[in-house]
């Protein structure tokens, strides 16, 4: 117990983000999330670090509570899901409530939707026009795939749940965000047990408090397998820690590969 | 906007749960979660409904905050991850802090670990014995796969992050939980657009306020595809709503399959 400290994860100047995945289907186990991993990697690439993800149901109180708590804790909040045309799409109305502003029908969004549907001979009905509803004061996030927009208000970015649509919205909004120092990561995969590398790994973590070193066990067909992942803003320090880990594995009689 | 209400999701007598997935690797996008879907389905089967999931880093303050907030809001909190032998495994110590109790070395866990490692000729070192650390007053959760136990304290159940180990721990603890009315769900998949079914679907939802009806769009190679999912505790009501949805799809000239 002595000597165990929380991993140091705070990199100076890092910009932080939280993600709120909205949808009953994610909580019932029916649908496997496909947005978190993509969003985390794209944000990492521009130096924005995801520090929390919440998965919540399509209920007004849950959306208001999560968004209002998280938007004071991180630089950016992203949401996915609940902005389609059906009765269970309540994200826009809930975000308006969270910000204490009215829900309005955004005229630019209406124009884009009407043009898009009319060009395709699709009926422009009230349900489809609901996709133009945004909190008052929100700015639209372009959707190059199917036009129905996302929006941002304050530091909250509201996107679609369908992965391909979320991805085009994310690319549309990324240039408008502040970018931080990008993080480097490197993995050493070895054939030792976690219980054998633990003490040495703890020493290496203590020597590099500015880095986050994680240990992720697995089993290969040949026996033990553990991935030792080093992450940080200082590429030289990451490289030094990786080198220390390789020496540790060799000293313990293990073999390694760097990924 | 008028007539849009939050979906009714509260079923009388339902037992609620929250899941906290602990691990930097989930937030960096390196690792895709494989525990949520399994846990949601196993809990649903015994009438326990997952109402929130949080994914948080391996940091003490994040674990304490999430666990202390959620354990007052739901019947059961489950955590996965951070109970191995390495320096980044800080879940047990953080849960002890959340409950304001000391971290102790559980004598029964020590005995099990020592027997297990000695039988396999594996060194019993301090790092491995750390896996016997639990908050004072916690009860062990058996691990039939690799012995290192999970534990529960209050209404918080702490499990491993490795999916196979999490699954055996979950099976070990499930009989000790209160079980609620089990939920029935049924899906109608049709070849219409969400914007076409939206108005009729809203009417059906309004007629069945005790059910949760969700609409999940996709695209097939033939064009539109939308899954309309009905979920609730009353199997007769679910069946009636499914029947209403089938009629709606037919009236709109669509084709459907029930899944």
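Protein chains in written order, with the working numbering: chain A, 220 to 478; chain B, 220 to 478.
C-beta: ideal position from N, C-alpha, C; glycine also.
### Continuous beta strand (DSSP E) stretch holding residue 354 (chain B): start and end
If you number the second chain from 1, residue 354 (chain B) lands on position 135. First-last of the beta strand (DSSP E) with residue 354 (chain B): 352-354.
### Under 8 Å between C-beta atoms of residue 430 (chain A) and residue 408 (chain A)
One-based indexing of the first chain puts residue 430 (chain A) at position 211. One-based indexing of the first chain puts residue 408 (chain A) at position 189. Result no, Cβ atoms of residue 430 (chain A) and residue 408 (chain A) do not sit closer than 8 Å.
#### Entry: Assigned secondary structure, residue 359 (chain A) (DSSP; H/G/I helix, E/B strand, else coil)
Sequence index remark: in the first chain, residue 359 (chain A) carries index 140 (1-based). Residue 359 (chain A) falls in the strand class under three-state DSSP.
### Query
Hey, would you say residue 396 (chain A) sits closer than 8 Å to residue 451 (chain A), going by beta carbons?
Working through the first chain from its first residue, we reach residue 396 (chain A) at position 177. Working through the first chain from its first residue, we reach residue 451 (chain A) at position 232. Not closer than 8 Å, so no.
### Message
Looking at residue 236 (chain A): is its Cβ nearer than 8 Å to the Cβ of residue 293 (chain A)?
### Response
In the first chain, the residue the question calls residue 236 (chain A) occupies position 17. In the first chain, the residue the question calls residue 293 (chain A) occupies position 74. Yes, these two residues count as a Cβ contact at 8 Å.
### Query
What residues of chain B sit near residue 295 (chain A), judged by a beta carbon separation below 8 Å?
To locate residue 295 (chain A), count along the first chain from 1; it is residue 76. Near residue 295 (chain A) there are no residues of chain B at all, since even the closest Cβ is about 14 Å away, more than 8 Å.
#### Entry: Classification of residue 497 (chain B) by the beta-carbon crowding that lies within 10 angstroms, buried from 16 upward
Only positions 220 to 478 of chain B appear in this structure, which leaves residue 497 (chain B) out of reach.
### Message
List, in chain order, every chain B residue whose beta-carbon is nearer than 7 Å to that of residue 251 (chain A).
### Response
Here the question's residue 251 (chain A) lines up with position 32 in the first chain. In chain order: 256.
### Message
Applying the 10 Å Cβ sphere with the 16-neighbour rule, what's the burial state of residue 271 (chain B)?
### Response
Mapped onto the second chain, residue 271 (chain B) falls at position 52. The residue is buried, with at least 16 neighbouring Cβ atoms inside 10 Å.
### Task
Compute the distance between the beta-carbons of residue 321 (chain B) and residue 355 (chain B), then report whether it is under 8 Å.
Residue numbering aside, residue 321 (chain B) sits at position 102 when the second chain is read from its first letter. Residue numbering aside, residue 355 (chain B) sits at position 136 when the second chain is read from its first letter. A Cβ-Cβ contact shorter than 8 Å links residue 321 (chain B) with residue 355 (chain B).
### Task
Name the two residues that bound the continuous alpha helix (DSSP H) containing residue 280 (chain A).
Counting from one through the first chain, the residue named residue 280 (chain A) turns up at place 61. Judged by DSSP secondary structure, residue 280 (chain A) falls within the alpha helix (DSSP H) whose first and last residues are 279-289.
### Message
Below 8 Å, how does it come out for the stretch 364-382 of chain B and the stretch 330-340 of chain B: are there three or more Cβ pairs, yes or no?
### Response
yes
#### Entry: Which of helix, strand or coil DSSP assigns to residue 342 (chain A)
Sequence index remark: in the first chain, residue 342 (chain A) carries index 123 (1-based). Three-state result, residue 342 (chain A): coil.
### Task
Out of A:383, A:406 and A:346, state which residue places its alpha-carbon closest to the alpha-carbon of residue 252 (chain A).
If you number the first chain from 1, residue 252 (chain A) lands on position 33. Here the closest residue by C-alpha is A:383.
### Message
Helix, strand or coil, according to DSSP, for residue 477 (chain A) in the structure here?
### Response
Working through the first chain from its first residue, we reach residue 477 (chain A) at position 258. In the structure shown, residue 477 (chain A) sits in a strand (DSSP, three-state: E or B).
### Task
Name, please, each residue of chain A whose Cβ falls closer than 7 Å to the Cβ of residue 275 (chain B).
Mapped onto the second chain, residue 275 (chain B) falls at position 56. Result: 271.
### Query
What residues are listed by DSSP as bridge partners for residue 403 (chain B)?
As a working note, residue 403 (chain B) is residue 184 in the second chain. Beta-bridge analysis with DSSP links residue 403 (chain B) to B:451.
#### Entry: Beta-carbon gap between residue 304 (chain B) and residue 350 (chain B) smaller than 8 Å
Here residue 304 (chain B) is taken as the residue at index 85 of the second chain, counted from 1. Here residue 350 (chain B) is taken as the residue at index 131 of the second chain, counted from 1. Judged by their CB atoms, residue 304 (chain B) and residue 350 (chain B) are nearer to each other than the 8 Å cut-off.
### Residue burial classification, residue 470 (chain A) (beta-carbon count within 10 angstroms, cutoff 16)
In the first chain, counting from the first residue as 1, residue 470 (chain A) sits at position 251. The residue is exposed, with fewer than 16 neighbouring Cβ atoms inside 10 Å.
### Message
Cutting at 6 Å between CB atoms, please list the residues of its own chain near residue 312 (chain A), excluding the five before and the five after it.
### Response
Locating residue 312 (chain A) in the first chain gives position 93, where the first residue counts as 1. 322.
### Beta carbon of residue 274 (chain B) nearer than 8 Å to that of residue 246 (chain B)
Position 55 of the second chain, counted from the start, is the residue given in the question as residue 274 (chain B). Position 27 of the second chain, counted from the start, is the residue given in the question as residue 246 (chain B). For residue 274 (chain B) and residue 246 (chain B), yes; Cβs fall inside 8 Å.
### Message
Which residues in chain A have a C-beta closer than 7 Å to the C-beta of residue 359 (chain B)? List them in chain order.
### Response
In the second chain, residue 359 (chain B) corresponds to position 140, counting from 1. Near residue 359 (chain B) there are no residues of chain A at all, since even the closest Cβ is about 18 Å away, more than 7 Å.
### Task
Return the bridge partner residues of residue 438 (chain B) from the DSSP annotation.
The sequence position of residue 438 (chain B) within the second chain is 219, counting from 1. B:443.
### Task
Give the range of the alpha helix (DSSP H) segment to which residue 422 (chain B) is assigned.
Looking up residue 422 (chain B) in the second chain gives position 203. Note, residue 422 (chain B): alpha helix (DSSP H), 413-426.
### Task
Please determine, among B:381, B:399 and B:328, the residue with the shortest C-alpha to C-alpha distance to residue 348 (chain B).
Taking the first residue of the second chain as position 1, residue 348 (chain B) is located at position 129. Measuring from the Cα of residue 348 (chain B), the nearest candidate turns out to be B:328.
### Message
I'd like to know if residue 264 (chain A) contacts chain B, where contact means its C-beta is closer than 8 Å to some C-beta of that chain.
### Response
On the first chain, residue 264 (chain A) is found 45 positions in, with the first residue counted as 1. Taking Cβ atoms only, chain B never reaches closer than 8 Å to residue 264 (chain A), which makes this a no.
### Query
Under the rule that 16 or more other beta-carbon atoms within 10 Å means buried, what is residue 244 (chain B), buried or exposed?
Working through the second chain from its first residue, we reach residue 244 (chain B) at position 25. Taking a 10 Å sphere around the C-beta of residue 244 (chain B), we find 16 or more other C-beta atoms and assign the residue as buried.
### Task
For residue 477 (chain A), count neighbouring C-beta atoms within 10 Å of its own C-beta (all shown protein chains included) and say buried if the count is 16 or more, exposed if not.
Taking the first chain and counting its residues from 1, one reaches residue 477 (chain A) at position 258. Residue 477 (chain A) should be labelled exposed.
#### Entry: Range of the contiguous alpha helix (DSSP H) that encloses residue 260 (chain B)
Residue numbering aside, residue 260 (chain B) sits at position 41 when the second chain is read from its first letter. Its alpha helix (DSSP H) spans residues 255-264.
### Query
In three-state terms, what does DSSP make of residue 271 (chain A)?
Your numbering for residue 271 (chain A) matches position 52 in the first chain. In the structure shown, residue 271 (chain A) sits in a strand (DSSP, three-state: E or B).
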